[in-house]
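There are 2 protein chains.
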Amino acid sequence: MEPFTPRQNAVLECALQLLVAGGERALTTAGLARAANCSKESLYKWFGDRDGLLAAMITYQASKVRTPGPRESMPTLDDFTRSLAVFAEDLLGVLSGEVSLALNRLAIGQADRDGAELGALLREHGRLPIELRAKALLELGRRHGYLKFSDTHEAYETLYGLIVHDGHVRMLLGEAPAKVADDRPRRARLAISQFFRLYGQGAQDIR
Amino acid sequence: MEPFTPRQNAVLECALQLLVAGGERALTTAGLARAANCSKESLYKWFGDRDGLLAAMITYQASKVRTPGPRESMPTLDDFTRSLAVFAEDLLGVLSGEVSLALNRLAIGQADRDGAELGALLREHGRLPIELRAKALLELGRRHGYLKFSDTHEAYETLYGLIVHDGHVRMLLGEAPAKVADDRPRRARLAISQFFRLYGQGAQDIR
DNA sequence: CCGGAACCGTACCGTACGGTACATAGATTT
DNA sequence: AAATCTATGTACCGTACGGTACGGTTCCGG
Numbered sequence: 001m002e003p004f005t006p007r008q009n010a011v012l013e014c015a016l017q018l019l020v021a022g023g024e025r026a027l028t029t030a031g032l033a034r035a036a037n038c039s040k041e042s043l044y045k046w047f048g049d050r051d052g053l054l055a056a057m058i059t060y061q062a063s064k065v066r067t068p069g070p071r072e073s074m075p076t077l078d079d080f081t082r083s084l085a086v087f088a089e090d091l092l093g094v095l096s097g098e099v100s101l102a103l104n105r106l107a108i109g110q111a112d113r114d115g116a117e118l119g120a121l122l123r124e125h126g127r128l129p130i131e132l133r134a135k136a137l138l139e140l141g142r143r144h145g146y147l148k149f150s151d152t153h154e155a156y157e158t159l160y161g162l163i164v165h166d167g168h169v170r171m172l173l174g175e176a177p178a179k180v181a182d183d184r185p186r187r188a189r190l191a192i193s194q195f196f197r198l199y200g201q202g203a204q205d206i207r
Numbered sequence: 001m002e003p004f005t006p007r008q009n010a011v012l013e014c015a016l017q018l019l020v021a022g023g024e025r026a027l028t029t030a031g032l033a034r035a036a037n038c039s040k041e042s043l044y045k046w047f048g049d050r051d052g053l054l055a056a057m058i059t060y061q062a063s064k065v066r067t068p069g070p071r072e073s074m075p076t077l078d079d080f081t082r083s084l085a086v087f088a089e090d091l092l093g094v095l096s097g098e099v100s101l102a103l104n105r106l107a108i109g110q111a112d113r114d115g116a117e118l119g120a121l122l123r124e125h126g127r128l129p130i131e132l133r134a135k136a137l138l139e140l141g142r143r144h145g146y147l148k149f150s151d152t153h154e155a156y157e158t159l160y161g162l163i164v165h166d167g168h169v170r171m172l173l174g175e176a177p178a179k180v181a182d183d184r185p186r187r188a189r190l191a192i193s194q195f196f197r198l199y200g201q202g203a204q205d206i207r
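Heads up: the protein sequence lines correspond to chains B and A, in order.
Under the UniProt record's numbering, the first sequence has 206 at position 206, and the numbering climbs by one with no breaks.
Under the UniProt record's numbering, the second sequence has 109 at position 109, and the numbering climbs by one with no breaks.
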């Protein structure tokens, strides 16, 4: 939708860097102009507004992350399980990333102003792609008879909860990501194992 | 140390109200002084600092919430299940409360400054009591033979994930609590049902 | 009745930041 | 070569807010 120019991308990258380093308070228009060797006037010309800049940062960051669609070949149950584990580790990796945390903090800190525009943006560009990818994966598993569920969304939310627990909020509150996302593979394996016990073939559907 | 005087409590209550209504930006010292009919000088005398005020707000709010210890009588499995469901609904209720959301947003918004003091405070006074209560409940269930697990913390985190999913972050990002905590009892029942399938008696422990 | 402590209301100060204006320098077009 | 467009850097403005100072008032103990 808004492919920025390379120059603008560089400025946005710089802005993300500032945000990660010092939080929102460190991201001032003057500071960004100085750090990125551009003028404040250009900032306002390009992004219109400080809020516009923040929004642009989110869409820019989202444009960097690509969510690989599931490879269609999914022959064995073992492959499918591995795919789920990869998803789980990816999810934990993304959520514990510095930039992700900084942007989420930013959006949450502004969730009261103007209808939570940034929050909506973050949900749409950040969470939705992940959600769609996971749901596609789940339904693929169901098609192959590895999973059994009637409500895809419910299954997805359960999977998310089993993987993340309350780790995301704890990290957002300042807990060290290392402490939360520690031993990511183990945690991913456990979550997937639990998920299979709830939704795997052979488990009766919940009602 | 922090039993505040009634007058100070009233001021803190007023501050919470301002925070809920308009977010952090609406919570200015001058505005609070005006709304609470007190002087800025008193604010600084009592709380030392704006950050001190924010910290006081958190401890004050925490002091209002009491977590009932589990009643020791827990004869039947049905009673225990009901207790778990009550915990689940309580948890969803607390997390979707206006004041809780506002304070979490506040702490997250400041999670970059001075070692995330507010975040630590929130974890200690807000989440820890809930965690302890839940763990006590879980271990009570294990003592009665209703549950089977080796790692209490792991079981607790799983329970938390099954109940909350990513609803907390979504609400923090501005999604309507009604949309997330909608149909709380159904969601609580589902989560407890799933939890029993993972950790209930008759389920082999995970390893 | 007196003196002091606590507190209110207001005024004030310094500063930081969002946003605008302008003067200058390269680059691109005509 | 002249003109135009774009971008930089600096200077500037208005405002909002954290923090402090001060005069006036109420309340309480002696």
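By construction, the Cβ of each residue, glycine as well, lies at the ideal position given by its N, Cα and C atoms.
Rounded to whole angstroms, B:Ser39 and B:Gly126 show a C-alpha spacing of 29 Å. In this structure, the beta-carbon distance from B:Glu89 to B:Pro3 does not fall below 8 Å.
In chain order, Leu92, Ser96 place their CB closer than 6 Å to the CB of B:Ala181, counting only its own chain and leaving out the 5 sequence neighbours on each side. Residues of chain A with a Cβ closer than 7 Å to the Cβ of B:Ala116 are, in chain order, Leu173, Gly174. From the beta-carbon of B:Gly93, no residue of chain A is found nearer than 9 Å; the closest lies around 16 Å away. With fewer than 16 other beta carbons inside 10 angstroms of its own, A:Glu124 counts as exposed. Taking CB atoms only, A:Asp112 has a neighbour in chain B less than 8 Å away. The alpha carbon of B:Val65 has as its nearest neighbour, out of B:Val94, B:Leu43, B:Tyr44, B:Glu157, the alpha carbon of B:Val94.
Residue contact check for A:Asp183 against chain B: no CB pair falls below 8 Å.
CA-to-CA, the gap between B:Glu13 and B:Leu32 works out to about 10 Å. Around the beta-carbon of B:Gly48, fewer than 16 other beta-carbon atoms lie within 10 Å, marking it exposed. Around the beta-carbon of A:Gly167, 16 or more other beta-carbon atoms lie within 10 Å, marking it buried. Closer than 8 Å to the CB of A:Ile192 there is not a single CB belonging to chain B.
Interface flag for A:Tyr160 against chain B is set, since a Cβ pair is found closer than 8 Å.
Shown here for B:Pro129: same chain residues with a beta carbon closer than 7 Å to its own, the five before and five after excluded, namely Thr67 in chain order.
Of all alpha-carbon atoms in B:Gly23, B:Tyr199, B:Ala136, the one lying nearest the alpha-carbon of A:Gly109 is that of B:Gly23. Looking at the DSSP output, B:Leu147 bridges to B:Gly200. Under the three-state reduction of DSSP output, A:Ala176 falls in the coil class, being neither helix nor strand. The beta-carbon of B:His125 is placed no less than 8 Å from the nearest beta-carbon of chain A. 8 Å or more divides the Cβ of B:Ala36 from the Cβ of B:Ala56.
The DSSP-derived three-state label of B:Glu72 is coil.
DSSP places A:Val99 inside the alpha helix (DSSP H), whose first and last residues are 98-109. Chain order gives the chain A residues near B:Ala107 as Leu173, where near means a beta carbon separation below 7 Å. By the Cβ test, the segment 146-165 of chain A is not in contact with the segment 67-86 of chain B, since fewer than three Cβ pairs between them sit closer than 8 Å.
Exposure of A:Leu132 is indicated by the presence of fewer than 16 other C-beta atoms within 10 angstroms of its C-beta.
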